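Please read the structure below before turning to the comments.
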Amino acid sequence: MVDNTQAQAAPTAAPAQTGQTNTAPEFTPRHTTVPREVGEAVFDVETVSVAYGGAPALKEVSMRIPKGEITALIGPSGCGKSTMLRCLNRMNDLIDGASVSGRITYHGEDIYAEDVDPAEVRRRIGMVFQKPNPFAMSIYDNVAFGPKLHGMKSNLDDRVEKALRGAALWDEVKDKLNDQGHALSGGQQQRLCIARAIALEPDVILMDEPASALDPISTLAIEDLMRKLRGQYSIVIVTHNMQQAARISDRTAFFTVDMEQGVRVGELVEYDLTETVFTNASDQRTESYITGRFG
Amino acid sequence: MATDTGQRPASAPSSLRSSGPSRYADPLFRAIAFTAGASVLVILGLMIGTTTRDALPVFEYQGLVSFFTSDEWRAGFSRTEFTGEYGAFSFIYGTVVTSLLAVAVALPLAIAVSLYINRLAPKRLKRPLAYTVELLAAIPSVVYGLWGLLFFAPTFIRPVMELLNRTLEPVPILGRLFAGPVFTTSYFTAGMVLAVMILPIITAITREVMAQVPRDQVDAAYGMGATDFEVMTKVIIRTSFPGIVGATMLGLGRALGETIAVAMLVGGSQRWGLSLFFGGDSMAGHIANTFQDAAPETVLALIAVGVGLFVITVIVNVLARLLVWRIGRVAGDAALRRRP
Ligand SMILES: Nc1ncnc2c1ncn2[C@@H]1O[C@H](COP(=O)(O)OP(=O)(O)OP(=O)(O)O)[C@@H](O)[C@H]1O
Ligand SMILES: [Mg+2]
Chain A
150 MVDNTQAQAA PTAAPAQTGQ TNTAPEFTPR HTTVPREVGE AVFDVETVSV
200 AYGGAPALKE VSMRIPKGEI TALIGPSGCG KSTMLRCLNR MNDLIDGASV
250 SGRITYHGED IYAEDVDPAE VRRRIGMVFQ KPNPFAMSIY DNVAFGPKLH
300 GMKSNLDDRV EKALRGAALW DEVKDKLNDQ GHALSGGQQQ RLCIARAIAL
350 EPDVILMDEP ASALDPISTL AIEDLMRKLR GQYSIVIVTH NMQQAARISD
400 RTAFFTVDME QGVRVGELVE YDLTETVFTN ASDQRTESYI TGRFG
Chain B
207 MATDTGQRPA SAPSSLRSSG PSRYADPLFR AIAFTAGASV LVILGLMIGT
257 TTRDALPVFE YQGLVSFFTS DEWRAGFSRT EFTGEYGAFS FIYGTVVTSL
307 LAVAVALPLA IAVSLYINRL APKRLKRPLA YTVELLAAIP SVVYGLWGLL
357 FFAPTFIRPV MELLNRTLEP VPILGRLFAG PVFTTSYFTA GMVLAVMILP
407 IITAITREVM AQVPRDQVDA AYGMGATDFE VMTKVIIRTS FPGIVGATML
457 GLGRALGETI AVAMLVGGSQ RWGLSLFFGG DSMAGHIANT FQDAAPETVL
507 ALIAVGVGLF VITVIVNVLA RLLVWRIGRV AGDAALRRRP
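Respectively, the protein sequence lines represent chains A and B.
Residues in the first sequence are numbered from 150 upward in steps of one, following my numbering.
Residues in the second sequence are numbered from 207 upward in steps of one, following my numbering.
Shown next as structure tokens:
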């Protein structure tokens, strides 16, 4: 057990936009109260490898992703973070030539089993993309899209309101639900996409760099939102922003690219409590990356 | 300009001016381009001017309203005056009915073909399929007419007509559209062959706009657990709707003006009937079928029919533009208001 006892830790408020120096940035990872061992897992990833058109992209990843927590995937570009994320809701099925081997269970059920309907998997496991991608419809219709799709048509108005409140967007849009989703600001659009995802009452939300296209204030709004959603949803987030991972996640998985017989393959280097990864990494490569000495 | 070193020969600055024959290239090219552009306008103007000049006496003789609403067409034989009866409604009706029929059949087909080529067909088949559909546009319409008359109508369309006649004629109001007797050459026959003829143009544009639906919209729908079918209907067709409307209008324009194939297949009578299985005539078809033996006064009447067809086509095109512009503006406005 590693230090997870400092209950009276400094507030997790962002260390602002500091750390843009040449030296190692100061991180104040959130002091988690979760035990180091993953208790109940929402995903159990066992030796998963992914290849695109025969070219390996990700090699033998195993990790248990806990229920109700925020798990961050970090690492250099091209190391397979998005690939890993897309495995979790079978979005890789939509990419020509992608092949996934190994086993991923979701609450103990193999999501790649023969008789599993990928659409059903994606209904339970919501996804938020890097670039806000609301449909060319009204705000209301954007949020109602998923429920209508799956026949959850009773109390549609309530569902929409609940989802928008859940995404901390309600107060900003309640008077203009019939406006186009595209008419919102980038940050609002991303929260609309989160509302759209949670309107389906999923159990997990996957986020691929959800704040990378946003300004700092919108980014903080999204981070606040994630903290609020934590517990009710299990969240897996890919981020390039070290501070962000440190600020919001309970656990961090560090991936890197390895040269293997002249082929670049992504692999999981270290997966631990965020606090541990950021202050006491066990692998040299993790530490180098986090402190900015990574090539 | 000239430097103060004085070392350059006096002629140096002249090298900045173009010399040789190439110096005339630009003005010459400009003149040619202008002439070409202007001649298009002149030809269009002449066409409108002369046809309208010839048609005006007919409109005066028959009465403008009567020309468009009367279905009494009796060709006269005079060289010097108007003696016949020139109500063109039967032909207008034939033109409109065959064209609408063609669009009604071709549009769903074009959407299905586009979705198949874009999203469902195996990769190897996509290009050949798209090319084949476009090749349909390269077949001369007289070939369509012959093929329709000798093969498509008797072996395929005729049985379909008989089936529709048997099953739908008893239906109260709708039944009148499918009333017998069934003629092999009829509005319906012409409409079906027209549908094949306009399929390529509608498909080409529909496929294009569907291919431009952003990938992130498609992913968003899949990410919410949409099936292939739901993605196609709720995202792809919905997003490309303005383009599909435009494509349909282009197809309609093409169908309205189509002459030879329709003339061969529509029936050729000078009357009209409510039933789709009636053998009538279309505006373009009637001109083509009777022009050769027409007496001078009837020639003028046929020109008037041509003017009427031109007017209808222009109206359809203007409506199409307005519609596309209107729909596009709704979507475009939203895009404009989108902040970075
Ligand atoms: N659709 C695809 N088709 C083919 N190869 C792909 C595809 N997506 C990813 N790859 C390859 O898989 C590897 C991992 O890519 P991935 O997008 O998962 O990396 P990432 O860690 O998310 O990178 P980034 O931080 O830049 O988003 C890369 O080498 C990439 O080229
Ligand atoms: Mg990525």
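In this text, a Cβ means the ideal position worked out from N, Cα and C, and glycines have one as well.
Values in this document were obtained by computation on a predicted structure and should not be read as measured data.
Under 7 Å: does the beta carbon of residue i sit that close to some heavy atom of ligand 2?
i	result
S231/A	yes
D422/B	no
V387/A	yes
D352/A	no
D399/A	no
D425/B	no
D357/A	yes
Taking 8 Å as the CB-CB limit, is residue i close to chain A?
i	result
T257/B	no
G431/B	yes
A327/B	no
A490/B	no
Y322/B	no
A426/B	yes
E436/B	yes
Q268/B	no
Q423/B	yes
Between which two residues does the beta strand (DSSP E) harbouring residue i extend?
i	result
I274/A	I274 to V277
T196/A	A190 to Y201
F471/A	With chain A covering 150 to 444 only, the question about residue 471/A has no answer from this structure.
V418/A	V412 to L422
S248/A	A247 to Y255
V366/B	Counting along the chain, V366/B falls outside any beta strand (DSSP E), though it belongs to the alpha helix (DSSP H) covering R364 to L374.
T220/A	I219 to I223
P448/B	P448/B -> not in any beta strand (DSSP E); alpha helix (DSSP H) instead, spanning F447 to G463.
For the alpha helix (DSSP H) containing residue i, name the first residue and the last one.
i	result
I254/B	A231 to Q268
G95/A	Given a span of 150 to 444 for chain A in the structure shown, any question on residue 95/A remains unanswerable.
A490/B	M489 to T496
M391/A	M391 to I397
A343/B	Taken as a continuous stretch (DSSP letters only), A343/B belongs to no alpha helix (DSSP H), as it is neither H nor E.
E321/A	W319 to V322
M416/B	Y393 to A417
Distance cutoff 8 Å, beta carbons only. Does residue i sit that close to anything in chain B?
i	result
R271/A	yes
K280/A	yes
F192/A	no
M276/A	yes
A165/A	With a pLDDT of 43 at A165/A, under the threshold of 50, the modelled position of this residue cannot be trusted; read the value that follows with caution. With 8 Å as the cut-off, A165/A does not count as an interface residue toward chain B.
L243/A	yes
G246/A	no
F111/A	Within the shown structure, residues of chain A are numbered from 150 to 444, placing residue 111/A beyond reach of any answer.
G202/A	no
A268/A	yes
A285/A	yes
G295/A	yes
M408/A	no
M240/A	yes
Is any heavy atom in ligand 1 found nearer than 7 Å to the beta carbon of residue i?
i	result
C228/A	yes
R445/A	In this structure chain A extends from 150 to 444, so residue 445/A is not present and cannot be described.
Y201/A	yes
I244/A	yes
A360/A	no
G224/A	yes
A221/A	no
A206/A	yes
Given a limit of 8 Å on CB to CB distance, which residues of the stretch 299-320 of chain A reach chain B? H299
Note down, in chain order, all residues in the stretch 403-421 of chain B with a beta-carbon under 8 Å from any beta-carbon belonging to chain A. P420
Taking only beta carbons into account, state which residues of the stretch 348-382 of chain A come closer than 8 Å to chain E, listed in chain order. Within the model displayed, chain E is absent; protein chains A and B are what it includes.
Which residues of the stretch 217-233 of chain A have a Cβ closer than 7 Å to any Cβ of chain B? Give them in chain order. none
Contacting positions in the stretch 439-458 of chain B - beta carbon closer than 9 Å to chain A: K440, V441, R444 and T445
Members of the stretch 492-507 of chain B that neighbour chain A once the beta carbon cut-off is set at 7 Å: none
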